[in-house]
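Numbered according to the working numbering, the sequence shown spans residues 2 to 315.
Everything on this sheet refers to the single structure shown next.
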Amino acid sequence: LTNETVFDLESLPARLTVLGGGPIGVELGQAFRRLGSRVTVIDDHGLLGKEDAGAARVVADQLEADGVELLLGYKAIRAEAGPTLLVEGPAGERRVTGDCLLIAVGRKPGLEGLDLEAAGIAYDTSGVKTDRSLRTTNRRVFAVGDVAGRGQFTDLAAAHAGLFIRKALFALPTNADTLVVPRVTYADPELAQVGPTEAEARRIHGDGVRVIVIPFADNDRARTEGDCRGFGKLVATASGKILGVTLVGRHAGDQIGLWSLILSRRLKLSSLTGMIAPYPTRGEISKGMAGQWFAPKLFSPATRRLVAILKHLG
């Protein structure tokens, strides 16, 4: 099965094997487990390996609490009748048999048979090569969406379509390289990300990275709902330039849009601290992260000395 054909099932499989621990494997694996299937998710790396490790752990803990078996660090060696997967990992070889096998290891653009070489259109395994206006190496041809090799997201494909219309029909300037693309894994809890993760930011900026983390346990709405799983994480430079944000928790996907706007418009953290966030909402965590970034300055020795002078003068 794939993420398309799985919806053709007319009965619930008693046992479902999922090969791939990315967003699709996690989302469908958890869904089938909650519908009643016995589910095993296999990945040769970690669950949601492209995401923030701490946030991915929150999701993994919930999957295990739901009863999903996670075989992480196991590589599929061979598929056999059953369907059965022979996998090899930390505990050696193992056979995993299910009633259905869901393949969730990602996709690549289907370019076979298009004879792109004859059209002078360059491409590789990730897709068609495009410039910032989404024009291919054949100037009369544009490529948008998954085939453009810039990410496989529905919202990104829609954004590409808008850029193409601006360029092709109205001759307006466009730049696909500047698009800020959020991503969400729709598990329970949701995991949302925009910009680089902490690990990615540290690889680029080294020690010039400052991280603020606020757990949802400190959020009144989360406590009222009895669901304090997860946290918000702000990654910025020492000067306060926002690099990326991770949110993991209930309705995280609904909250990441604010940060997508902030990054796309290159707004400062002070624009958030001056915002009034409705109380009590989970969205308060965003303002809280921005406020915590300024906390050291507010309570620095210099500030305390200034307050002491003003009190003395008073």
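The beta-carbon is built from N, C-alpha and C at its ideal position, and this holds for glycine as well.
Runs of beta strand (DSSP E) with 3 or more residues, each lying fully within the region 64-106, are found at 70-73, 76-81, 85-90, 93-98 and 101-104, listed in chain order.
Here Asp221 has Tyr280, Pro281 and Glu285 as same chain residues with Cβ atoms under 8 Å from its own Cβ, once five neighbours each way along the sequence are excluded.
Spanning the alpha carbons of Ile78 and Gly275 requires a straight line of approximately 55 Å. Distances from the CA of Arg251 to each of Gly245, Leu264, Gly233 and Ser261 were compared; the closest alpha carbon is that of Gly233. Here Glu65 is exposed: its Cβ has fewer than 16 other Cβ atoms, across all protein chains shown, within 10 Å. Just measuring C-alpha positions, the residue of Thr126, Cys229 and Ala92 sitting nearest Val148 is Thr126. For Val182, the closest C-alpha among the options Arg230, Ala54, Ala218 and Leu244 is that of Leu244. Within the DSSP bridge table, the entry for Lys234 names Val214 and Thr247 as partners. In its chain, beyond the 5 residues on either side, Gly121, Ile122, Ala123 and Lys130 have a beta carbon closer than 8 Å to the beta carbon of Thr138. Going by beta carbons, Val249 and Gly196 fall outside the 8 Å limit. With respect to the 8 Å criterion, Ala57 and Leu48 are classified as neighbours on the basis of their beta carbons. One Cα belongs to Gly93, the other to Asp100, and the distance between them is close to 23 Å. For Leu10, there is no enclosing alpha helix (DSSP H), as DSSP gives it neither H nor E. For Leu135, the closest C-alpha among the options Thr98, Lys109 and Asp178 is that of Asp178. Contact between Ala239 and Gly209 holds, with the beta-carbon distance rounding to 5 Å and staying under 8 Å.
Here the alpha carbons of Ala54 and Pro190 stand approximately 15 Å from one another.
Annotation: Asp147 is outside any beta strand (DSSP E) and is labelled neither H nor E by DSSP. Cβ atoms of Gly23 and Ala105 come within 8 Å of each other, at about 6 Å. Ser261 places its beta carbon 8 Å or farther from that of Leu273.
Within the region 170-208, complete alpha helix (DSSP H) segments of at least 4 residues are found at 199-206, given in chain order. In the displayed model, Ile43 falls within a strand according to three-state DSSP. Look at Leu112 here: in three-state DSSP terms it is coil, with no helix or strand label. Apart from sequence neighbours up to five positions away, the residues of its chain that approach Pro91 with a beta-carbon distance below 8 Å are Gly74 and Tyr75, ordered along the chain. The three-state secondary structure of Gly227, taken from DSSP, is coil. Straight through space, the alpha carbons of Glu118 and Arg34 are spaced by roughly 46 Å. With respect to Val88, Leu72 sits close: the two C-beta atoms are nearer than 8 Å.
Per DSSP, the continuous beta strand (DSSP E) segment holding Leu20 begins and ends at Arg16 to Leu20. In the three-state scheme derived from DSSP, where H, G and I count as helix and E and B as strand, Gly23 is classed as coil. Secondary structure note for Asp255: its alpha helix (DSSP H) is the uninterrupted segment Ala253 to Ser265. Cβ-Cβ separation between Val60 and Leu164: approximately 32 Å, too far for a contact (criterion under 8 Å). Val40 is a Cβ neighbour of Leu17, given a cutoff of 8 Å. Distance check between Arg267 and each of Gly231, Leu170, Ala237 and Gln153 places Ala237 closest, using alpha-carbon atoms only. One thing to note: Val27 has its Cβ no nearer than 8 Å to the Cβ of Ala223.
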